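To keep things clear, I will list the structure first and then write my remarks on it.
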Amino acid sequence: MPGGVLLFVRATPRASRSMVAGVGADADGRPVLQLRIAAPPAEGAANSALVDLLSSALQVRKRDVTLQSGATGRAKQVRVNGEGAVLVARLEALIRGNATRSAQ
Numbered sequence: 164m165p166g167g168v169l170l171f172v173r174a175t176p177r178a179s180r181s182m183v184a185g186v187g188a189d190a191d192g193r194p195v196l197q198l199r200i201a202a203p204p205a206e207g208a209a210n211s212a213l214v215d216l217l218s219s220a221l222q223v224r225k226r227d228v229t230l231q232s233g234a235t236g237r238a239k240q241v242r243v244n245g246e247g248a249v250l251v252a253r254l255e256a257l258i259r260g261n262a263t264r265s266a267q
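Residues in the sequence shown are numbered consecutively from 164, following the working numbering.
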């Protein structure tokens, strides 16, 4: 995607802490980024926390992270504006780091 990336996300609210949990699959077998969100799914709190988590994890401004669809569900599409190659590299490093922590 020019000027950014489109992420397919599965968010789980009311987690013990907000974190990137890894990569999973949706019902159709497509890969999704799994996020655990500490905030409850009320009045947009979980969506706001999701934006905070992704902006921090991918080192972009909050305004560069936009919820494209899935405002009221767990399956979401999130657009992250920025240099696509840089964002992909940061995302891969984030996932690799998560896999390393999970294996320990």
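By construction, the Cβ of each residue, glycine as well, lies at the ideal position given by its N, Cα and C atoms.
These numbers come from a predicted model, not from an experiment.
Query	Result
Contacts around threonine 263, its chain only, beta-carbon distance under 7 Å, and the 5 residues preceding and following it disregarded	Here threonine 263 scores only 46 on pLDDT, less than 50, and its place in the model is too uncertain to base an answer on.
Cβ-based neighbour list, serine 181, same chain, cut-off 6 Å, excluding 5 preceding and 5 following	Ile200, Ala201, Ala212, Leu216
Best match in Ala252, Arg177, Ala209 for proximity to leucine 230 [C-alpha to C-alpha]	Ala209
Endpoints, beta strand (DSSP E) assigned at serine 232	228-232
Alanine 188, enclosing beta strand (DSSP E) - first and last residue	182-188
Local Cβ density within 10 Å of alanine 256, reported as buried at 16 or more and exposed below that	exposed
Proximity winner among Gly245, Gly166, Pro204, relative to alanine 238 (alpha-carbon distances)	Pro204
Start-to-end residues for the beta strand (DSSP E) that takes in valine 195	194-199
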